[in-house]
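Written out below as C-alpha cells is the structure these notes cover.
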Amino acid sequence: MSSYRKAAKDSGKNKKVPDCDETLSSSSEEKTPKSVTHEVLENADSSGKVNRSVQNFQCSNYDDLFKDATESESESILATGGSFLRDKWSSEDEELAGPSQTVPPQLPDDSTRVPLGENKDYINASYIRIVNSGEEYFYIASQGPLPSTTDDFWQMVLENNSNVIVMITREIEGGIIKCHHYWPISMKKPLELKNYRIFLENYQILQYFIIRIFHVVKKSTGSSHFVKHLQFTSWPDHGTPASVDGFIKYVRYVRKSHLTGPMLVHCSAGVGRTGVFLCVDVVFCAIEKNFPFNIKNIVTQMREQRYGMIQTKEQYFFCYKVVLEVLQKILTLD
Numbered sequence: 009m010s011s012y013r014k015a016a017k018d019s020g021k022n023k024k025v026p027d028c029d030e031t032l033s034s035s036s037e038e039k040t041p042k043s044v045t046h047e048v049l050e051n052a053d054s055s056g057k058v059n060r061s062v063q064n065f066q067c068s069n070y071d072d073l074f075k076d077a078t079e080s081e082s083e084s085i086l087a088t089g090g091s092f093l094r095d096k097w098s099s100e101d102e103e104l105a106g107p108s109q110t111v112p113p114q115l116p117d118d119s120t121r122v123p124l125g126e127n128k129d130y131i132n133a134s135y136i137r138i139v140n141s142g143e144e145y146f147y148i149a150s151q152g153p154l155p156s157t158t159d160d161f162w163q164m165v166l167e168n169n170s171n172v173i174v175m176i177t178r179e180i181e182g183g184i185i186k187c188h189h190y191w192p193i194s195m196k197k198p199l200e201l202k203n204y205r206i207f208l209e210n211y212q213i214l215q216y217f218i219i220r221i222f223h224v225v226k227k228s229t230g231s232s233h234f235v236k237h238l239q240f241t242s243w244p245d246h247g248t249p250a251s252v253d254g255f256i257k258y259v260r261y262v263r264k265s266h267l268t269g270p271m272l273v274h275c276s277a278g279v280g281r282t283g284v285f286l287c288v289d290v291v292f293c294a295i296e297k298n299f300p301f302n303i304k305n306i307v308t309q310m311r312e313q314r315y316g317m318i319q320t321k322e323q324y325f326f327c328y329k330v331v332l333e334v335l336q337k338i339l340t341l342d
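Numbering-wise (this note's numbering), the sequence shown opens with residue 9 and increments by one.
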C-alpha cells in the first residue's frame, strides 16, 4: 500500500466502513448466503467461461463491441495544444438530492478533498485514486454544482486541467432539483460568472447522452480551456438504467474522450451514480488490458476516500450487470 493510500485509510479509522455487500443492503433485507456476484452469474454462462473470455479476447474486438455511428462530432476543437497523451499519474442516489437540500450533503474526507486556490478553499469534491493490477486511475468525484458554487466548480475544472466533465443526472428529476444548470443554454450567449466566462461551442444530442463542447475563459488572465461535457440522460428517477447497452456506450465514449487531468465526475450528491461510473470505468480498462479485477475491492477503495460511494444494493448489482453484458458479448466473438 502506498503512503497516500495508507494516509487515506488511516484518516478514516474512526469511520466504520462495513463490508460492501452489507452496506448496500437495506436494514430490512434478510441476508442470504449468495453474494451479488453469484446472483448476477447464476442465470448466465458459467463463471469459468466468462473468466476465460477475459483472457482470450483481443482489444480490437472490445473496441468494436459498442460502436455508435451517430457519435461523429469533430474532435478538432479540442486539439488546441497539439496531440495529447492520456495522463499517467505516477503517484503511486437512490441519490441524495444535493442541490435541493432535502437531506444533508455527503461531506468529503479532509485528506482527499479538492482544495481551491492558494488558500485551499472548500468545495464538496474528493480526489479518488483507484489502483488495479498496478495501474492507478485518477478521478474527481464531486457534488453537482449549486447556484452558489458554480464559480468554484469551474475553478476546480481549470486548476486540475480536466478536459472531461461526466454528468450522470438531469437537472430536474421527479420534480426535484438534482443539479444547477451551470453551463450556457445558447451558443449565442455565454454564461457570465464572477471569474469565468463559459461559451457553448457545439453540442450533439444522442440517444443516451448529450455531448457539449465548452470554451472556458478566465476573466483575470484571458486564459482559455476547452472542456467536453458528457451528460448521461437515461438514468431514471428511481433505480438504475433499463438499458445496460446505453450505459456501456456512454462509459466507453467518456474514456475515449479523456485526455488531460483527472476525469471529473458528478451526479447530484457525487456518491451514488458517480461511484457506479468510476467502478465500471476501472473494470472496463482492466478488461481492455486483460487484467484481473475485483469489483468489491474497487468499491472499498472508493469508500476509503469518499464516504458512501455506491449507495444502494441496486447500484452495486448494476455494476456487475454491466460488466457481465460486456463479457457475454466478448464470448459471442469467440
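Yeah, the Cβ is synthetic: ideal placement off N, Cα and C, and Gly gets one too.
*asked:* Tell me which residue opens and which closes the alpha helix (DSSP H) that I295 is part of.
replied: Run containing I295: G280 to E296, per the alpha helix (DSSP H) assignment.
_Using only the alpha-carbon positions, how far apart do K329 and N305 sit?_
When rounded, the distance between both Cα atoms is 17 Å.
_Alpha-carbon spacing of S194 relative to I218, whole angstroms_ = If you take the alpha carbons of S194 and I218, they lie about 15 Å apart.
*Would you tell me roughly how many angstroms separate the C-alpha atoms of E143 and N127, rounded to the nearest one?*
Straight through space, the alpha carbons of N127 and E143 are spaced by roughly 32 Å.
*asked:* Once DSSP output is grouped into helix, strand and coil, what is the label at R121?
replied: Of the three classes helix, strand and coil, the one that applies to R121 here is strand, per DSSP.
*Report the partner residues of I213 according to the DSSP bridge assignment.*
Note: I213 sits in a beta bridge opposite I218.
*Look at the alpha carbon of Y135 and the alpha carbon of K297, and state the distance between them as a whole number of angstroms.*
Those two C-alpha atoms are separated by around 24 Å.
*For G182, is the classification buried or exposed, using 16 other Cβ atoms within 10 angstroms of its Cβ as the cut-off for buried?*
A residue is called buried once 16 or more other Cβ atoms fall within 10 Å of its Cβ, and G182, having fewer, is exposed.
_Just list the residues that DSSP pairs E181 with in beta bridges._
DSSP lists I184 as partners of E181.
*C-alpha distance - Y190 paired with V334, whole-angstrom precision*: Going by the C-alpha atoms only, they are around 33 Å apart.
_Rounded C-alpha distance that separates Q323 from T248_ = In this structure, the CA atom of Q323 is about 7 Å from the CA atom of T248.
*How is K196 classed by DSSP in three states: helix, strand or coil?*
Coil, per DSSP.
*Near F299, what residues of its chain come up, given a Cβ to Cβ distance below 6 Å and the 5 sequence neighbours on each side ignored?*
So the list reads S141, once near-sequence residues are dropped.
*Could you tell me which residues DSSP pairs with V235 in its beta bridges?*
In the DSSP assignment, V235 forms a beta bridge with F222.
_Among the candidates I221, Y145 and E312, whose CA atom is the shortest distance from the CA of Q239?_
If we check each option's Cα against that of Q239, I221 comes out closest.
*Could you tell me which of N210, F285, C187 and K227 sits nearest to L201, measuring between CA atoms?*
It is K227.
*Which residues in the same chain have their Cβ closer than 7 Å to the Cβ of H223, if we skip the five residues on either side of it in sequence?*
Listed in chain order, the non-local C-beta contacts of H223 below 7 Å within the same chain comprise F207, E209, S232 and F234, local neighbours out to five positions each way being set aside.
*From N168, V288 and T268, pick the residue whose C-alpha is nearest to that of Y258; which is it?*
Taking only the C-alpha atoms, the option nearest Y258 is V288.
*Do the region 255 to 272 and the region 170 to 179 touch if we need at least three Cβ pairs shorter than 8 Å?*
Contact holds: three or more Cβ-Cβ distances are below 8 Å.
*To the nearest angstrom, report how far apart V284 and I318 are at their CA atoms.*
If you draw a straight line from the Cα of V284 to the Cα of I318, it comes to about 6 Å.
*Taking all protein chains shown into account, do 16 or more other C-beta atoms lie within 10 angstroms of the C-beta of Q313, making it buried, or fewer, making it exposed?*
With 16 or more other Cβ atoms within 10 Å, it is buried.
*Give the single residue among L124, F255 and S242 whose Cα lies nearest to the Cα of E167.*
It is L124.
*Starting from D159, follow its DSSP beta bridges and name the residues at the other end.*
Per DSSP, none; premise fails for D159.
*Look at L286 and Y147 and say whether their C-beta atoms are less than 7 Å apart.*
In terms of Cβ geometry, L286 and Y147 form a close pair [threshold 7 Å].
*Does DSSP put Y315 in a helix, in a strand, or in coil?*
DSSP places Y315 in coil when its eight states are reduced to three.
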